[in-house]
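Top line first, the protein sequences correspond to chains A and B. So for the first sequence, our numbering puts the first residue at 1; every next one is plus one. So for the second sequence, our numbering puts the first residue at 1001; every next one is plus one. Structure record follows, encoded as C-alpha cells.
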Amino acid sequence: MTVLVTGSTGFLGTVVVERLLARGVTTIRCLARPSSNAAPLRALASGPYADRVQVTVGNLQSARDAERAVAGADTICHLAAAMRGSPSSVFLDTVVATSRLLDAVASSAVRRLVLVSSLSVYGLADVPVDRLVDEGIGLETHPEWRDVYSHAKLRQELLVHEHIARAALEVVILRPATLYGCGRPLLPARVGLSGCGWLLQFGASHMLPLSHVSNCAEAVALAGTGALPTGAYNVVDDDLPTVDEYVRRYKREVGHLRSIRCPFFAAMLLSGAAERLHVSSKGRFPRVLTPYRTATLWRGHRFDNRKLRQAGWTQLISTRDGLARAFDDRGVRHHVALRRDAHVPEPTATSPAELAPVFSAAVSTRQ
Amino acid sequence: MAVCDREPLMAEQLALRHGIGKWFSDVDAMLDAERPDIVHIATPPPSHLPLATRAICAGCHVFVEKPLTLCHADSQQLVASAIVRNRKLTIGYGFYFDPIARTLRRLIAEGALGEPVHIESVLGYALSGPFGSCVLADDDHWVHRLPGKLAHNLIDHLLNKVAEFMSDRPTVQARACRRADDTHPASHLLNELRVMLFDQDRSAYVTLTSHARPVAHLLTVYGTKRTARLDFEAGTIIWSSPAALPGPLGRLSCIFGDGIQCFREGTQNVLRCVRGDYHTLSGLNFLINAFYESIRNDTPVPVSYHEILKVAAISDAVFAQLGTEHSRVA
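Encoded structure:
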C-alpha cells in the first residue's frame, strides 16, 4: 500500500507520517515543496525507514509534479494548504494546488482520498448557538464575507465534492478544529485578537474547539489506512476548556498576558464599527473584524465529534496533557514525552528512540 | 466590470471577493463579451505586450502594471500601437504620484530646490513579505524567469523617480552584488543592485537592497539651493537648507529645524490618515483617477510616453551590463 502525503513537512504533516508508520503503512511518499525543510523526512528516508519512506520534491501547482507524485499511489492524504500570505497565494497554494492534484488523480489508480479541511467551512452565522454543530450543518454560503483562509478551504472542499461526482473515488473529509501542539502559536484566533502582549478576548464561557496535532494526525492515519468509512468528520478533542479557562491557564503556565474580556454583544458592536471604518476609508483600514465573521467565529458554537469517535477514533493525548505540554513546550522533550505517554504502537523495524529525534528536529526548526 | 485569469479558480475568487459579477479565463472571450472601455493588466511582465496589444486592438484603453514590457523595443512597439489606434496607455507608476512626490515636483517647478545636482533613489525590499515569500517558495515563479530576476520587477519604482531629472542618454553603470553572508538559495534573484547614472552636470544613484534594515523607500534630491529628503514609508518631505547662523548655532538650528519639519509632516499625515488618504497606495489611486480623467476629457495621459520609454531604455542598459562593462543608453 502506497500513501501519498501532501504537506508532509508541515505542522500536521510530520506527525501524520509518524502515525502512518506506526499503523504499518508499507510505503509513504512525502511530497515536499522545493523550499520546504524536508531534512527530517530525508533523514527518515535515508535511515531507519529507507524502505518505507520516500521524499518527492514538487509543487502541486505544477500538473507535471502532481502527476509524478500521484503515480502508483493507492491513497492520498491531502494536507497541503496555505495558512497565511496574500489572498492570491493562499488560493494558489490551497485551491489551485488541489485542482491540479484532483486532475492527476483522475488519470491514476488512486482509490482513496483523505482531505484535511477545516471547521471553518461551516456556515454558522445564522445557526443557533445551542445547536450542536455536526457534519450535517450546511457549508458556508458567503465565503467572500469570511477571511481568505476560510474561503479557500471551502472552495477546496467544494472542488473535492465536484470531483466525487465525476470519479469513483473513496473520499474522507476531515474537518479539524484549531490545531495546537509543540511549535504552534498558543493564542489562536478563536480566543480573540492578540498582539504586543495584549489579548482582546472574545467570549468567556464557551468551549474552545481544539484538536491536538497528534489526535488529528491519528484521524488522518485512520482515514488513510481505510479504517474510516467515506464521508465528512469533525475532528475535535474531548474535555475542551472554555475560553476563560484557556486564557487563565495561559497566564499561569506561559507568562504574563494582559487581556480585555469582550462579551459577544460588545464584539458585534466593535465589529460593526470596524466594518464601517473599512468601508468609509475605501478599504484602507483592513477588514480585521466584521459582524458576520464575529457571529461565525466567536458566538460559542459547540462541535460534535461523535461520528468520528463511533468510527473508532480515540484521543492519543488528553486535552489536559496536550495543553500542559503545549504551554510548557520547549521542543524536543515534549515530543518525545508525547510519544511515550500516548502508548503509540511502534513499527517493528525501528525503536521509538530512533524515530523521536528525527521529528524532534523537525519541531525545533519551527521554534 | 469583469475579471480574467487564465486559471478559472483564481478569476472566480477575485470576482467573489470583490463583488464582481463576471469572470473569464480567456481574455479574448472577455474582450468579445464585455467590450470594456479600459483594461488593467496585472499579469506577469512577459504577457504584458501580447495582452495589451490585444486589448488596444479591441479598442480598449490600457493600464499596464510595471514594467511595461520586458525591453525598450517591446515598449516602443506597444506605445506605437496605442498611438496608431488612438487609445490611451499608462503604466502603474504609483509612487511617482505619491502625495510627497507630487509636492516635490510642484516645489521644484516653483524653484524651491534650485537646479537639481544629484538624486539618490533607495528601495528596500523584504523577501520575507507576502510577495517575496511566494517568490522564494516557488522555484518556478515567473520572477525567476525575468531577464533581471527580482530586480527587473522592481527597478521601475527606482528609475521612474530619477529618470525625470536625467537626459535621454545618461551614462549607466550597474553592479549587482551578493553579500558574503547571503546563503539564501534565492540570492541569484539580484536582490542587491546599484546603478549610477551620469549626465553632463547631473548624477543619480539607485539602490535596490533586500538586506538593509529597516526596509526603506527614500528619494533624496540635492539642489543648488536646498536638498529634499523624501521618505515614502513615512510619507514625509524634510528640507535641508544652508545654515542661516554661524558655527555651532547654525548646526544646532539645522537639527531643530528638522525636528519642527518632522512635527509638521507628522501632523499633516495624521490629517491624511483621518481623511483615509495615508496609504502606501495613495499614489496609485491618484494615478488611476488621473488616467480615467485623461480618457474622459481626452487630455494627455498622466505618465508621458517619453518618460516610460526613457525608463525602459535605462532598464535595458542596466540589465545588459550586469557582469559586463558600463555603457551609454542607445
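Beta carbons are placed, not taken as given, at the ideal position from N, Cα and C, and that holds for glycine. None of these values were measured; they are calculated from a predicted model.
1) By the three-class DSSP mapping on this structure, what secondary structure does L20 (chain A) have?
2) Comparing C-alpha positions only, which one of A:S150, A:V53, A:V172 and A:Q54 sits nearest to G231 (chain A)?
3) On the CB-based measure, 16 or more other CB atoms within 10 Å of its CB, does W313 (chain A) come out buried or exposed?
4) Could you tell me the distance, in whole angstroms, from the CA atom of A1101 (chain B) to the CA atom of V1122 (chain B)?
5) Measuring straight from C-alpha to C-alpha, what distance separates L199 (chain A) and V254 (chain A)?
6) DSSP three-state label for Q25 (chain A), please.
7) Give the residues from the stretch 1004 to 1020 of chain B that approach chain A closer than 7 Å (Cβ to any Cβ), ordered along the chain.
8) Looking at chain B, is there any beta carbon in it that lies within less than 8 Å of the beta carbon of T6 (chain A)?
9) Using a Cβ cut-off of 7 Å, pull out every chain A residue sitting near A1210 (chain B), in sequence order please.
10) With DSSP collapsed to three states, give me the class of D1231 (chain B).
11) Within 8 Å (strictly less), CB to CB, does H151 (chain A) reach chain B?
12) Take the Cβ of F1256 (chain B) as the centre, count every other Cβ of all protein chains shown within 10 Å, and call the residue buried at 16 or more, exposed below.
13) Using beta carbons (cut-off 8 Å, strictly below), is H212 (chain A) in contact with chain B?
14) For the stretch 1043 to 1109 of chain B, which segments carrying the alpha helix (DSSP H) assignment without a break, of at least 4 residues, lie completely within its bounds, in sequence order?
15) How many angstroms separate the CA atom of D328 (chain A) from the CA atom of K251 (chain A)?
16) Helix, strand or coil for K1022 (chain B), going by three-state DSSP, please let me know.
17) Since H1279 (chain B) meets chain A, which of its residues come closer than 7 Å, beta carbon to beta carbon?
18) My output table needs one value for Y1205 (chain B): the three-state DSSP class, helix, strand or coil.
19) I need the DSSP call for H335 (chain A), collapsed to helix, strand or coil.
20) Does F11 (chain A) have its Cβ less than 8 Å from a Cβ in chain B?
21) When the Cα atoms are used, what is the spatial distance from P1246 (chain B) to P1170 (chain B)?
22) Take A362 (chain A) and list the residues in its own chain whose beta-carbon comes closer than 6 Å to its own, dropping the five residues that flank it on each side.
23) Please look up how many angstroms separate the CB atoms of A274 (chain A) and L289 (chain A), rounded, as I've assumed it's under 8 Å.
24) Run through DSSP, which three-state label would V127 (chain A) get?
25) Please report the distance separating the alpha-carbon of Q156 (chain A) from that of V95 (chain A).
26) For a cutoff of 8 Å on Cβ pairs, would you count R120 (chain A) as touching chain B?
27) Using the beta-carbon count (16 or more within 10 Å), is R339 (chain A) buried or exposed?
28) Let me make sure I understand the geometry here. Which of B:L1322, B:V1027 and B:A1002 has the alpha-carbon closest to that of A1176 (chain B)?
29) Look at the alpha carbon of S249 (chain A) and the alpha carbon of L193 (chain A), and state the distance between them as a whole number of angstroms.
30) Quick one: any contact between the stretch 1187 to 1196 of chain B and the stretch 1204 to 1219 of chain B, if contact means 3 or more CB pairs under 8 Å?
31) Would H161 (chain A) pass as a contact of L113 (chain A) if the rule is Cβ separation under 8 Å?
32) R1017 (chain B) by DSSP, collapsed to three states: which one?
33) Listed from N- to C-terminal order along the chain, which residues in the stretch 1274 to 1303 of chain B have their beta-carbon within a distance smaller than 7 Å of any beta-carbon of chain A?
34) Please list the segments of the alpha helix (DSSP H) lying wholly inside the stretch 30 to 60 of chain A, counting only runs of 4 or more residues, in order along the chain.
35) What is the rounded straight-line gap between the Cα of T1299 (chain B) and the Cα of D1037 (chain B)?
36) Does the distance from the CB of A104 (chain A) to the CB of A152 (chain A) come in under 8 Å?
A quick look at the data gives this:
1) On the first sequence, position 20 is the one that residue 20 (chain A) refers to. Looking at L20 (chain A) - three-state DSSP - the assignment turns out to be helix.
2) The residue labelled residue 231 (chain A) in the question sits at position 231 within the first sequence. Among A:S150, A:V53, A:V172 and A:Q54, the Cα nearest to that of G231 (chain A) belongs to A:V172.
3) Along the first sequence, read from residue 1 onward, the residue named residue 313 (chain A) stands at position 313. Flag for W313 (chain A) reads buried.
4) Here residue 1101 (chain B) refers to the residue found at position 101 of the second sequence. Here residue 1122 (chain B) refers to the residue found at position 122 of the second sequence. Cα to Cα, the separation comes out at about 14 Å.
5) In the first sequence, residue 199 (chain A) corresponds to position 199, counting from 1. In the first sequence, residue 254 (chain A) corresponds to position 254, counting from 1. The alpha-carbon atoms of L199 (chain A) and V254 (chain A) are separated by roughly 14 Å.
6) If you number the first sequence from 1, residue 25 (chain A) lands on position 25. Note on residue identity: the sequence assigns Val, not Gln, to residue 25 (chain A). Note: V25 (chain A) maps to coil in three-state DSSP.
7) E1007, L1009, M1010, Q1013, L1016 and R1017
8) In the first sequence, the residue the question calls residue 6 (chain A) occupies position 6. With 8 Å as the cut-off, T6 (chain A) does not count as an interface residue toward chain B.
9) Position 210 of the second sequence, counted from the first residue, corresponds to residue 1210 (chain B). It should be pointed out that residue 1210 (chain B) corresponds to Ser in this sequence rather than to Ala. Correct list: empty, because the minimum Cβ distance to chain A is about 16 Å.
10) Within the second sequence, numbered from 1, the residue matching residue 1231 (chain B) stands at position 231. Strand, per DSSP.
11) The residue given as residue 151 (chain A) occupies position 151 in the first sequence. Yes, H151 (chain A) counts as interfacial toward chain B.
12) Taking the second sequence and counting its residues from 1, the one referred to as residue 1256 (chain B) is at position 256. F1256 (chain B) is exposed by the Cβ-count criterion.
13) Indexing the first sequence from 1 puts residue 212 (chain A) at position 212. Not one chain B Cβ lies under 8 Å of H212 (chain A).
14) 1048 to 1057, 1072 to 1084 and 1099 to 1109
15) Locating residue 328 (chain A) in the first sequence gives position 328, where the first residue counts as 1. Locating residue 251 (chain A) in the first sequence gives position 251, where the first residue counts as 1. Roughly 12 Å separates the two Cα atoms.
16) For this step, residue 1022 (chain B) is matched to residue 22 along the second sequence. Note: K1022 (chain B) maps to strand in three-state DSSP.
17) Your numbering for residue 1279 (chain B) matches position 279 in the second sequence. Those within 7 Å of H1279 (chain B) in chain A are R284.
18) Taking the first residue of the second sequence as 1, we reach residue 1205 (chain B) at position 205. Note: Y1205 (chain B) maps to strand in three-state DSSP.
19) Residue numbering aside, residue 335 (chain A) sits at position 335 when the first sequence is read from its first letter. With a pLDDT of 42 at H335 (chain A), under the threshold of 50, the predicted position of this residue should be treated as unreliable, and no value is reported.
20) Residue 11 (chain A) sits at position 11 when you count from the first residue of the first sequence. No, because no Cβ of chain B sits closer than 8 Å to the Cβ of F11 (chain A).
21) Numbered from 1 along the second sequence, position 246 holds the residue referred to as residue 1246 (chain B). Numbered from 1 along the second sequence, position 170 holds the residue referred to as residue 1170 (chain B). Each residue's alpha carbon lies about 38 Å from the other.
22) One-based indexing of the first sequence puts residue 362 (chain A) at position 362. In this prediction, A362 (chain A) scores a pLDDT of 35, lower than 50, which makes its location untrustworthy; no coordinate-derived value is stated.
23) Position 274 of the first sequence, counted from the start, is the residue given in the question as residue 274 (chain A). Position 289 of the first sequence, counted from the start, is the residue given in the question as residue 289 (chain A). The Cβ separation is near 4 Å, so the contact holds.
24) In the first sequence, the residue the question calls residue 127 (chain A) occupies position 127. Coil.
25) By one-based count along the first sequence, residue 156 (chain A) stands at place 156. By one-based count along the first sequence, residue 95 (chain A) stands at place 95. So the alpha carbons of these two residues sit roughly 5 Å apart.
26) For the purposes of this step, residue 120 (chain A) is taken as residue 120 along the first sequence, with counting starting at 1. According to the sequence provided, residue 120 (chain A) is Ser. The question's Arg does not apply to it. Cβ-Cβ to chain B under 8 Å: no for S120 (chain A).
27) The sequence position of residue 339 (chain A) within the first sequence is 339, counting from 1. Unreliable placement is indicated for R339 (chain A), whose pLDDT of 48 sits below 50; no coordinate value is reported for it.
28) Taking the first residue of the second sequence as 1, we reach residue 1176 (chain B) at position 176. Checking every option, the nearest Cα to that of A1176 (chain B) belongs to B:L1322.
29) If you number the first sequence from 1, residue 249 (chain A) lands on position 249. If you number the first sequence from 1, residue 193 (chain A) lands on position 193. A small correction: the amino acid at residue 249 (chain A) is Arg; Ser does not occupy that position in the sequence shown. If I take the Cα positions, the gap works out to 17 Å.
30) yes
31) Looking up residue 161 (chain A) in the first sequence gives position 161. Looking up residue 113 (chain A) in the first sequence gives position 113. In this structure, L113 (chain A) does not lie closer than 8 Å to H161 (chain A) by Cβ.
32) Counted from its first residue, the second sequence places residue 1017 (chain B) at position 17. Of the three classes helix, strand and coil, the one that applies to R1017 (chain B) here is helix, per DSSP.
33) G1276 and H1279
34) 39 to 46
35) Translated into the one-based positions of the second sequence, residue 1299 (chain B) becomes position 299. Translated into the one-based positions of the second sequence, residue 1037 (chain B) becomes position 37. Those two C-alpha atoms are separated by around 16 Å.
36) In the first sequence, the residue the question calls residue 104 (chain A) occupies position 104. In the first sequence, the residue the question calls residue 152 (chain A) occupies position 152. It is not a contact, given that the beta carbons lie outside the stated cut-off.
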